[in-house]
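Undergrad: Numbering (our numbering), first residue to last: 960 to 1575. Dropping a structure here in structure tokens format, bear with me for questions.
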């Protein structure tokens, strides 16, 4: 037996957890981020401070915002294909509730993160304690309960004896590709500091084997019958392709059977740019080429996608198609009345490819794919390149960053208009080089997420693209990057407000209300974002033309510390349109002509929606 506090036992346990897939082992939780307060400093704070002296390898890193630390952990998990993540500890009260947004993003994106918020006294000896939420219905309700709906596993450790079972359950969910997401262990502050005699077996090195479930043979045969009857099939690559390491299997299937590949935000890079069957981004933020192929497809083979509204253009992008869905979860495989092939993406693609034998699309179809791709490439070329002395557009900024990035370098982005332009315009040749959080589209993700990417892949240059609106949500994590010696190239694009929502506001008749950074007199705000970044410890380079931007990117790449390249763009200059529709309801009655016009366009747009209820 080993006598330790609950917090000490937790830290010692986490340091001995490993994941394994395909013979590759790695630390499941190699570090802990946190901010200490009265709810965790005496428990987890003491345990982490004494870990090294006790022979426990679990380093601690200080973040500046609890939401940011979860974004960092989620980005780390995504970069490691969900085989590793970080722990996040907070105090009770606002520290715990600040986790909710990050936890929602992780769970929506199917990414494992481990959350260890402090909680109120289990003994209730000093109720109400500072920051305690008193609920008249029960003394057992606290603010950490807000994490229940955004967690895939949630537990509160009210007694030391409860810890071992909760830890094993937490690790199982973190390493289950079908169930993973945020995992929360709420830790009452008195219990954290309580001593207990633990069995030595709890601290033995433990390896969690991440499975590759093979699909049911009958399901594969059913899917193959549909695919081999297709004349215009499209393969839709989602994030599951990349997490599974199935990109080679995807490429082999596409080439053997002549099936073009279109990509979701999470699946971008599954087939490298330049491949003759790579049709690019699909959906609301997609290319005209991919969306035309999707509209005319008779069979859609969805691999590792959850079919979000942006992917399906709110049910309008796919025509009268049948669906074959390869997914690790039956929940996603059953969508759009598809034939369900439930299993690992790599194994399922291999099985379906074998079942399709020598079937392939006709050369004329592949020529159509190539022609559409070439026409879209010309559109992208025009949008990405501008006069070197001209004020930059957002599309030209993206082109400059793409040109500056090496083939293995990573672009990180999240919310606003930038992800839409990136999806259409970025040319990715590596499956891990495109990192856009678009499941939750969370403003403030970018810099914190960039830290997670860089920690997971220190040999890659990381370019963080962030607009001014998103930057102002969470600039504090620049301090974390500087403090931890994590080198990022942050491209801060100032378009004087919320460009994406501004355009959306205009399209629904809301006349861009509240989307521009202006004072009450309508004048631009005297805010200097570049000076702000410098005050947080980053090197800053200002660029006003494309020539200065390209020179600034080269200097930032050569730097050995986090560097912010600040550039202003015109918020009224959109990128090229891929022709898809997005369902944002418009006021059915209004006194403004703009809203009335928008409503008429909305009625027209939603007529194209298909329910996709026909059994496949």
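Don't be surprised by glycine CBs; every beta carbon is placed ideally from N, CA and C.
(1) Which whole runs of the alpha helix (DSSP H) in the stretch 976-1030 are 4 residues long or more, in chain order?
(2) Between which two residues does the alpha helix (DSSP H) carrying residue 1307 extend?
(3) Evaluate residue 1481 with the Cβ neighbour count: other Cβ atoms within 10 Å of its Cβ, from every protein chain shown; 16 or more gives buried, anything less gives exposed.
(4) Check each candidate in 1068, 1309, 1139 and 1343 and name the one with the smallest Cα separation from residue 1175.
(5) Should residue 1236 be flagged as near chain E, meaning a C-beta pair shorter than 7 Å?
(6) Terminal residues of the continuous beta strand (DSSP E) containing residue 1246?
(7) For residue 1097, is the classification buried or exposed, using 16 other Cβ atoms within 10 angstroms of its Cβ as the cut-off for buried?
(8) Could you tell me the alpha carbon to alpha carbon distance between residue 1535 and residue 1374, rounded to whole angstroms?
(9) Restricting to Cα atoms, I'd like to know which of 1304, 1219 and 1454 is closest to residue 1172.
(10) With distances taken Cα to Cα, identify the nearest neighbour of residue 1161 among 961, 1205 and 1296.
(11) From the DSSP secondary-structure annotation, give me the bridge partner or partners of residue 1527.
(12) Which residues in the same chain have their Cβ closer than 7 Å to the Cβ of residue 1015, if we skip the five residues on either side of it in sequence?
(13) What are the partner residues of residue 1322, as DSSP defines its beta bridges?
(14) I'd like the ranges of any alpha helix (DSSP H) spanning at least 4 consecutive residues and lying wholly in the stretch 1166-1240.
(15) I need the boundaries of the alpha helix (DSSP H) containing residue 1299, first residue and last residue.
(16) From 979, 1114 and 1560, pick the residue whose C-alpha is nearest to that of residue 933; which is it?
(17) Quick check on residue 1166: buried or exposed, where buried means 16 or more other Cβ atoms within 10 Å of its Cβ?
(18) State the start and end residues of the unbroken beta strand (DSSP E) segment that holds residue 1344.
(19) For residue 1243, collect the residues of the same chain with a Cβ closer than 7 Å to its Cβ; drop the 5 residues on either side in sequence, then sort them by chain order.
(20) Within the continuous alpha helix (DSSP H) that includes residue 1120, where are the two ends?
(21) Of the residues 1250, 1217, 1224 and 1223, which one's Cα is nearest the Cα of residue 1234?
(22) CA-CA distance, residue 1274 and residue 1567?
(23) Look at residue 1285 and residue 1307 and say whether their C-beta atoms are less than 7 Å apart.
(24) Can you tell which of 1313, 1261, 1281 and 1279 has its C-alpha closest to the C-alpha of residue 1289?
(25) Going by C-alpha to C-alpha distance, which of 1199, 1236, 1201 and 1225 sits closest to residue 1215?
(26) With a threshold of 8 Å, are at least 3 pairs of Cβ atoms found where one atom belongs to the stretch 1428-1448 and the other to the stretch 1496-1513?
(27) Can you name the start and end residues of the alpha helix (DSSP H) that residue 1269 belongs to?
(28) Could you tell me which residues DSSP pairs with residue 1401 in its beta bridges?
(29) Give me the Cα-Cα distance between residue 1449 and residue 1522, rounded to the nearest whole angstrom.
(30) With distances taken from CA atoms, which of 1249, 1548 and 1405 is nearest residue 1333?
(31) Does DSSP classify residue 1098 as helix, strand or coil?
(32) Would you mind giving the Cβ-Cβ distance between residue 1196 and residue 1299, rounded to the nearest angstrom? I have them listed as a contact below 8 Å.
(33) Return the CA-CA distance between residue 1555 and residue 1391, expressed in angstroms with no decimal places.
(34) Output the boundary residues of the beta strand (DSSP E) element that contains residue 1427.
(35) Restricting to Cα atoms, I'd like to know which of 1339, 1188, 1254 and 1009 is closest to residue 1569.
(36) Taking just the CA atoms, how far does residue 1415 sit from residue 985?
TA: Here's the rundown:
(1) 1005-1008
(2) 1304-1314
(3) exposed
(4) 1309
(5) Note that chain E does not occur in the displayed structure, where there is just one protein chain.
(6) Careful: residue 1246 lies outside any beta strand (DSSP E) and carries neither H nor E.
(7) exposed
(8) When rounded, the distance between both Cα atoms is 18 Å.
(9) 1304
(10) 961
(11) 1453
(12) 970, 971 and 974
(13) Residue 1322 pairs with nothing; no bridge assigned.
(14) 1176-1186, 1198-1202 and 1206-1216
(15) Not the alpha helix (DSSP H): residue 1299 falls in the beta strand (DSSP E), residues 1298-1301.
(16) The chain is shown from 960 up to 1575; residue 933 falls before or after that span and cannot be answered.
(17) exposed
(18) Residue 1344 -> no beta strand (DSSP E), and no H or E assigned at all.
(19) 1269, 1272, 1539 and 1541
(20) It is not in any alpha helix (DSSP H) - residue 1120 carries neither H nor E in the DSSP assignment.
(21) 1217
(22) 8 Å
(23) Yes. Within cutoff.
(24) For the residues 1313, 1261, 1281 and 1279, the minimum Cα distance to residue 1289 belongs to 1261.
(25) 1236
(26) yes
(27) 1268-1271
(28) Bridge partners of residue 1401: none, in fact.
(29) 6 Å
(30) In terms of CA proximity to residue 1333, 1249 leads the group 1249, 1548 and 1405.
(31) coil
(32) Not confirmed; about 18 Å, so no contact.
(33) The alpha-carbon separation between residue 1555 and residue 1391 amounts to approximately 44 Å.
(34) That residue, residue 1427, is in no beta strand (DSSP E); its alpha helix (DSSP H) goes 1427-1430.
(35) 1254
(36) 12 Å
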